Amino acid sequence: MGELVPVLEMEDISKRFGATRALQDVALQLYPGEVHALVGENGAGKSTLIKIVTGIHSPDTGKMLMAGGEYSPRDPAEAQRQGVAAIYQEPSIFPDLSVAENIFIGHQGRGVLVDHRQMEREAVEVLARLDIELDPALPAGLLSVAGQQAVEIAKAMSLDAKVLIMDEPTAALSAHEVSRLFRQVERLKELGVALLFISHRLGEVFEISDRVSVFRDGHHISTRPTAEVTEESLIREMVGRDPADFFVRNPHPQGEVVLAVSDLGRRGVFDGISFEVRSGEVLGMAGLVGAGRTDVALALFGIAPAESGSIVIDGAEVVISSPRDALRNGIAYLSEDRRRLGLSLPQSITTNVTLATLPRYTSGLGVVDRAAERRDTAAIRERLGILAASLDTPVELLSGGNQQKTMLGRWLNAEPRVLILDEPTRGIDVGAKAEVHRFIDELARAGMAIIMISSDLPEVLAMSDRIAVMREGSLRGIRDRVDADQESVMALAVGVG
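Under this note's numbering, the first residue of the sequence shown is numbered 817, with each subsequent residue one higher.
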């Protein structure tokens, strides 16, 4: 970058959340008038880095420099005062306030009485610097997502932002709106702003960025001029792990089709989803954040039902409008969010394991057979190797791996025909992960039809018989495991080729 001094410099930044290492010894420099793209798989550490730069989190080790001086914001307000702003996929505007009021809402010292005409004149000036045409008096809630993002960019400029972070800003935009946003980005470059651009769309990375950095598993893998890299080399660096590091399933015979989904859709979320899962098969679902994988799972389990298409179980079409419908038809769902959607943390292992099948243990008079509950829970505990002092131990006292096994035990107790596993090994240690992998293999061999959603490509490749790849709410392809590798699956996920 010649003699330019970085606007923002990060040195040896590390951050842990419990046992999870989110960032390890990361270094990054942002220069004025430059678009610096940051790419990586889900869980690579991009979001943690953003939260550190914007003052939401503090790093455990390392330091940041702003124009050569120490930069350690205690909160987002302080980060903003020092010249760091961020816009996200979902704009955070105040819908009932005008465009002008949203632009200047972060300013101090305007007093109780506000001269709205003066504010609107100043808003027009800020917008004009960015070549944005918006009515400053218009309520911001009436704007499109692209218009709301433009207001947020204008707000950042009104606060003299030196660094602007754009986190998946194009995810909800049309092609025309993306072009307009990129014109605003070029204008920001001319004004000397340093831009950090995070996107899963590699085509946009090549179109708009000057340099690109790759993160993987919390590590900074590379930083190079965009002109010196290819889509293939970026994908290779983003993936970077060997499937041999994971438990590998051995092939075994599969049975008849258990679940057939045809043209499933929910307006604005996903559309045209069609696939089959056979008895004894593990269908992996790959894709990046926002691809719609979990949304499809929520539809199949009735939490957020589909609005179109059909679901067929064992040859008979079924209607799934609630989790009760799903369980009645033999579909169980292990949520990626075990604390919010999966477990009742203050309650015992027994209560959590039998929660979905409580009617089985309840007499017509409403009396619960506690002995039967404990007998079945003890069998599940032994089968899964749940480590706890007793069956009465509150789940919140268990390790992450044993919490995950408890949630898995709940659905095994329900004896489903189809088991949907959403990020089944997220947040658990290597030993527990291997146990979960072995158990998935055991269930498939016993004839269960399994859908496994995972953001970890090596895990998907190692555990799946076939891999369905989703991008932006649609199914982009299904690959047999023998025909799939990390690069080809990632290429479908990011829209390359």
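C-beta atoms are modelled at their ideal positions from N, C-alpha and C, and glycine is treated no differently.
This one's a predicted model, so the numbers in the text were calculated from it and none came from an experiment.
- Cβ neighbours of residue 1257 within its own chain (closer than 6 Å, five residues either side excluded): 1065.
- Just so you know, the alpha carbons of residue 1214 and residue 1285 end up roughly 34 Å apart.
- For residue 962, the enclosing alpha helix (DSSP H) starts and ends at 961-974.
- Sorting 1297, 1199, 1071 and 1302 by C-alpha distance to the C-alpha of residue 1263 places 1071 at the top.
- Here residue 1035 carries a strand assignment [DSSP, helix/strand/coil].
- Secondary structure in the segment 1235-1298: the alpha helix (DSSP H) runs of 4 residues or longer, each lying completely within the stretch, are 1246-1261 and 1273-1279 in chain order.
- When DSSP assignments are scanned along the segment 1206-1238, the uninterrupted stretches of alpha helix (DSSP H) that are 4 or more residues long and fall wholly within it turn out to be 1216-1229.
- Close CB contacts of residue 1052 within its chain, under the 7 Å cut and outside five residues either way in sequence, are with 1303 (chain order).
- Ranked by Cα distance from residue 854, the first of 916, 1022 and 955 is 1022.
- Spanning the alpha carbons of residue 906 and residue 1205 requires a straight line of approximately 44 Å.
- The Cβ neighbour count for residue 1287, taken over all protein chains shown within 10 Å, is at least 16; the residue is labelled buried.
- Going by C-alpha positions, residue 915 is about 15 Å away from residue 945.
- Looking from the CA of residue 974, the closest CA among 999, 1145, 920 and 947 belongs to 920.
- The C-beta distance from residue 829 to residue 839 rounds to 6 Å, short enough to fall under 8 Å.
- For a cut-off of 8 Å, the C-beta gap from residue 1251 to residue 1201 is around 6 Å, short enough to register as a contact.
- Shortest Cα-Cα distance from residue 1298 to any of 900, 1307, 1280 and 1291 involves 1280.
- Taking every protein chain shown into account, the CB of residue 1183 has fewer than 16 other CB atoms within 10 angstroms, so this residue is exposed.
- Put simply, of 1239, 1176 and 870 the residue whose alpha carbon is nearest the alpha carbon of residue 1105 is 1239.
- Here the alpha carbons of residue 1164 and residue 1148 stand approximately 21 Å from one another.
- Burial check for residue 1261: the Cβ neighbour count within 10 Å stays below 16, so the residue is exposed.
- Going by DSSP, residue 1087 is part of the beta strand (DSSP E) stretching over 1086-1094.
- In the three-state reduction of the DSSP assignment, residue 1153 falls in the coil class.
- The DSSP assignment places no complete beta strand (DSSP E) segment of no fewer than 3 residues inside the segment 981-1007.
- Scanning the segment 1101-1158 for uninterrupted beta strand (DSSP E) segments of 3 residues or longer gives 1124-1129, 1132-1134 and 1147-1150, listed from N- to C-terminal end.
- Close CB contacts of residue 1142 within its chain, under the 6 Å cut and outside five residues either way in sequence, are with 1117, 1118 and 1136 (chain order).
- Take residue 1218, set aside five residues on each side of it, and the residues of its chain with a beta-carbon closer than 6 Å to its own are 1202 and 1203, in chain order.
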